[in-house]
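Take the sequence shown: its position 335, counting from 1, is numbered 338 in this note's numbering, and each next residue is one higher.
Below: one structure, written as C-alpha cells.
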Amino acid sequence: MNNPVARIMDVNFNRAGEALRTLEEYARFVLDSAAMSSRCKTLRHSLAVAIKAWNAASAPTDQPLPNRDIAGDVGAAIKTDEEGSRLDAAGVAAAAARRAAEALRVLSEYAKIDRPALAVEFERIRYGLYDLEPVLMADSQRRNRLASAQLYILVTTGLCSTDARTAAREAVAGGADMIQLREKEMEDGEFHRLASDIADICRDGGALFIINDRPHIASLVDADGVHGGQGDLPVHLIRRILGPDKIIGRSTSGPDFAKQALSDGADYIGVGPVFETDTKKHRAAAGPEYVSWVSSWGGLPYFAIGGVNRHNIDAVIAAGARSVAICTAVTKAADIAAETAFFKDRLASGR
Numbered sequence: 004m005n006n007p008v009a010r011i012m013d014v015n016f017n018r019a020g021e022a023l024r025t026l027e028e029y030a031r032f033v034l035d036s037a038a039m040s041s042r043c044k045t046l047r048h049s050l051a052v053a054i055k056a057w058n059a060a061s062a063p064t065d066q067p068l069p070n071r072d073i074a075g076d077v078g079a080a081i082k083t084d085e086e087g088s089r090l091d092a093a094g095v096a097a098a099a100a101r102r103a104a105e106a107l108r109v110l111s112e113y114a115k116i117d118r119p120a121l122a123v124e125f126e127r128i129r130y131g132l133y134d135l136e137p138v139l140m141a142d143s144q145r146r147n148r149l150a151s152a153q154l155y156i157l158v159t160t161g162l163c164s165t166d167a168r169t170a171a172r173e174a175v176a177g178g179a180d181m182i183q184l185r186e187k188e189m190e191d192g193e194f195h196r197l198a199s200d201i202a203d204i205c206r207d208g209g210a211l212f213i214i215n216d217r218p219h220i221a222s223l224v225d226a227d228g229v230h231g232g233q234g235d236l237p238v239h240l241i242r243r244i245l246g247p248d249k250i251i252g253r254s255t256s257g258p259d260f261a262k263q264a265l266s267d268g269a270d271y272i273g274v275g276p277v278f279e280t281d282t283k284k285h286r287a288a289a290g291p292e293y294v295s296w297v298s299s300w301g302g303l304p305y306f307a308i309g310g311v312n313r314h315n316i317d318a319v320i321a322a323g324a325r326s327v328a329i330c331t332a333v334t335k336a337a338d339i340a341a342e343t344a345f346f347k348d349r350l351a352s353g354r
C-alpha cells in the first residue's frame, strides 16, 4: 500500500469507467439513441484497453491493483451537498460527464511520470468525451424543451398578415415555444435563405425551430428538427440525414398512425386535423375524440392541430390537449404577438 501514484490511478480508473457507463446507460435508455450509446461504449472500451495495458505492467496478473486501500483513504468520506441530489436524468448524465473528464485528466497527468504513451491515450479519450458531451446534452435539452412545449406556431408565407420572418419573430416574442416553417411550393434556394433567418430568430428568442419536410435544409441551417407527414420520408431516413440529436415529428390522423409513429422512433406527433382546415382540405377532421384518445394513451408528446382558434381552444383543452399547433389563427392576426400570447395564456390556464 506504499505506492501513492498507483492508488491515484486505481481510483480514477474506477471513477472514469463508472461515469462512462452512466453516460452509456443514459444514451441507451433515456435518449433511446443507438448512435450515442455506441459512441459512449467506444470510449468506455478504449478506457478498458488502456487500463489493461497499465495493469499488465503494474500487476502481472488479472487481479485488481494491490494498491487499493479504501479503509485508509482519507478522502472517501468527504462529500458535497451537490453529490447528494440530481434534478433529473439529464442532471445525472451531466454530472457523469464532468466526473469522467476530471478522472481522465488525472489519469493523463500521472501517467506522464513513467508511461507517456498511455498518457497520450487517456488524453485522446478525454477529448473524445469533450466531443460527445455537447451532442449528448443537446439531444437531452431539445427533448426536455419539447416535453414542456405548449404552443407550436406554423409559419407559411401565403398565410401570414406580414412577411414570414416578421411573423416568426412576433410569434416568438408572444411566447411561442416552437416554430415550424412550412413552405410546400417554395424552391430550395429561397427556402434555405428564409429558413436560415428564422433559425436565427428562434435561437435568439429561445424557441425550437422545426422545418417541414426538407431534412437537407434543416441540416444546413442547424434547425432543431423536421416534421413530416404520413407520406413523407420515413423517420429512420430523416435520422440518417439529421443525426440522432435532432427532433422528428410526424402528422397522425388516428390511433394506428400514432402507434406507428411511436414504433418508427418519432419524437412527437401532430394530432389532427381536429377541425376542418384550409391547410388540410384533403383530410377529414379527426375531431376532439382523437385528442382525448391520445391524451389518455400517453405514448408521445403531441400537439393538437387543425382549425384551432379562439372559438374552439377551450373545447380542445377540455378534450385533454395541453399543447396545440396553430397556423392561421395566429399568423393572419393583425397583432401576431398579442394573439400568440392569448393562446399561450389559455394553455397555461388549462394546464
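Glycine included, every Cβ here is placed at the ideal spot set by N, Cα and C.
These numbers were taken from a predicted model, which means no experiment stands behind them.
Which of helix, strand or coil does DSSP assign to residue i?
i      : result
GLN183 : strand
PHE212 : strand
PRO291 : helix
VAL311 : coil
THR331 : helix
THR255 : strand
PHE306 : strand
ILE116 : coil
LEU149 : helix
LEU154 : strand
VAL274 : strand
With 16 as the cutoff for other CB atoms within 10 Å, does residue i come out buried or exposed?
i      : result
ASN215 : buried
PHE32  : exposed
ASN6   : exposed
TRP57  : buried
ARG118 : buried
ALA226 : buried
LYS55  : exposed
PRO137 : exposed
VAL274 : buried
ASP248 : buried
TYR305 : buried
TYR133 : exposed
ALA96  : buried
GLU27  : buried
GLU193 : exposed
TYR155 : buried
GLU342 : buried
ASP13  : buried
GLU188 : exposed
LEU110 : buried
Measure the beta-carbon distance from residue i to residue j and round it to whole angstroms, keeping in mind my assumption that it falls under 8 Å.
i      : j      : result
LEU197 : PRO218 : Rounded, the Cβ-Cβ distance is 16 Å, inconsistent with contact.
THR280 : GLY310 : 4 Å
CYS205 : LYS335 : At roughly 20 Å, the Cβ-Cβ gap does not stay under 8 Å, so CYS205 and LYS335 are not in contact.
VAL158 : ALA171 : 5 Å
ALA53  : SER40  : The pair is not a contact, with the Cβ atoms about 21 Å apart (cut-off 8 Å).
ALA288 : PRO276 : 5 Å
PRO291 : ALA332 : Going by Cβ atoms, the distance from PRO291 to ALA332 rounds to 16 Å, so no, they are not a contact pair.
Counting only the same chain and skipping the five closest in sequence on each side, list residues whose C-beta sits under 7 Å from that of residue i.
i      : result
ARG42  : LEU135
LEU23  : CYS43, LEU46, ARG47, LEU50 and ALA103
GLN66  : Any answer about GLN66 is weak, because its pLDDT of 47 lies below 50 and its placement is not dependable; what the coordinates show is given next. Taken in chain order, the list of residues that qualify is empty.
ALA398 : Any question about residue 398 goes unanswered here, given that the chain covers just 4 to 354.
ALA202 : PHE212, VAL224, ASP225 and ALA226
ARG148 : LEU211
Only counting the same chain, and skipping five residues up and downstream in sequence, which positions put a Cβ closer than 8 Å to that of residue i?
i      : result
VAL238 : GLY231, ILE251, ARG253, ALA264, ASP267, GLY268 and ALA269
GLN153 : ASP180, ARG325, SER326, VAL327, LYS347, LEU350, ALA351 and ARG354
LEU245 : PRO218, ALA221, SER222, GLY228, VAL229 and ILE251
GLY209 : VAL175
SER3   : An answer regarding residue 3 cannot be provided, because it is not within the stretch 4 to 354 covered by the chain.
ALA344 : GLY177 and GLY178
THR165 : GLU173 and ILE339
Would you kindly report the start and end of the unbroken alpha helix (DSSP H) that includes residue i?
i      : result
ILE11  : 7-28
VAL319 : 316-321
SER222 : 218-223
GLY231 : First-last for GLY231: 228-231, but that is the beta strand (DSSP E), not the alpha helix (DSSP H).
LYS347 : 339-353
ALA167 : 167-176
VAL238 : 238-245
Need the endpoints of the beta strand (DSSP E) that residue i sits in, please.
i     : result
ILE54 : Element bounds for ILE54: not the beta strand (DSSP E) but the alpha helix (DSSP H), 37-61.
Go through its chain and collect everything with a Cβ distance to residue i's Cβ below 6 Å, but skip five positions before and after it.
i      : result
GLY323 : VAL294, SER295 and SER298
ILE81  : Unreliable positioning characterises ILE81 in this predicted model, as indicated by a pLDDT of 49, which lies under 50. The coordinate reading is nonetheless provided below. Around ILE81: no qualifying Cβ.
ILE316 : ARG349
GLU124 : ALA53
ALA59  : none
SER199 : VAL224
ILE308 : GLY273, GLY275 and ALA328
Is residue i near the ligand GTP, with its Cβ less than 6 Å from a heavy atom?
i      : result
VAL123 : Annotation note on the ligand GTP: not contained in the displayed structure, which lists no ligands.
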